[in-house]
Each structure stands twice: as structure tokens, then as C-alpha cells.
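A.B. asks: In full-length UniProt numbering, the protein residues as written are 1 to 68.
Quick reminder that beta carbons are idealized off the backbone N, C-alpha and C, glycines included.
#1: Using beta-carbon positions only, say whether residue 5 and residue 52 come within less than 9 angstroms of one another.
#2: I think residue 49 touches residue 20, with their Cβ atoms under 8 angstroms apart; what is that distance to the nearest whole Å?
#3: Assign residue 9 to buried or exposed, taking buried as 16 or more other Cβ atoms, counted over all protein chains shown, within 10 Å of its Cβ.
#4: For residue 65, does the count of other Cβ atoms within 10 angstroms reach 16, so buried, or fall short, so exposed?
#5: From the DSSP output, in three-state form, read off residue 6 for me.
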């Protein structure tokens, strides 16, 4: 467990980015801008598509349901 994304990228021969906390895709240029949190701050990656991205728990912040 925890190695599936890396193994898949290796088998497919695609780029990979792990523990992404923010993802922006530029479909026109066929690249993805991935931000990940590391011990010393933030690391920004620019990778060509297709690629495999594994995410950090902070990528999606759930909303609370509004009740009437």
C-alpha cells in the first residue's frame, strides 16, 4: 500500500508527482503544475501529460452540508 501510484507510473512510463496539495492542468500546453508540501515548505513541479498524480489529504477540503 502507498506505492500504487509510483508503480503504475513506472509500468506506464509516465511522469509522476506524489503527495500533491494543488494541481493545475494546462491542456493547451499538455502540462500539469503540481504543488506539494515538503519539510522545508512548498515544492512546485511542472510535468508533461500524461502523468500519474497521487494526492495529499489537503487537496480537497470537504464542505459542511447546509441544513434548512
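C.D. replies: Considering the structure as presented:
#1: Yes; because the gap between Cβ atoms is below 9 angstroms, this pair is in contact.
#2: Rounded, the Cβ-Cβ distance is 14 angstroms, inconsistent with contact.
#3: With 16 or more Cβ atoms within 10 Å of its Cβ, residue 9 is classed as buried.
#4: Classification for residue 65: exposed.
#5: Three-state result, residue 6: helix.
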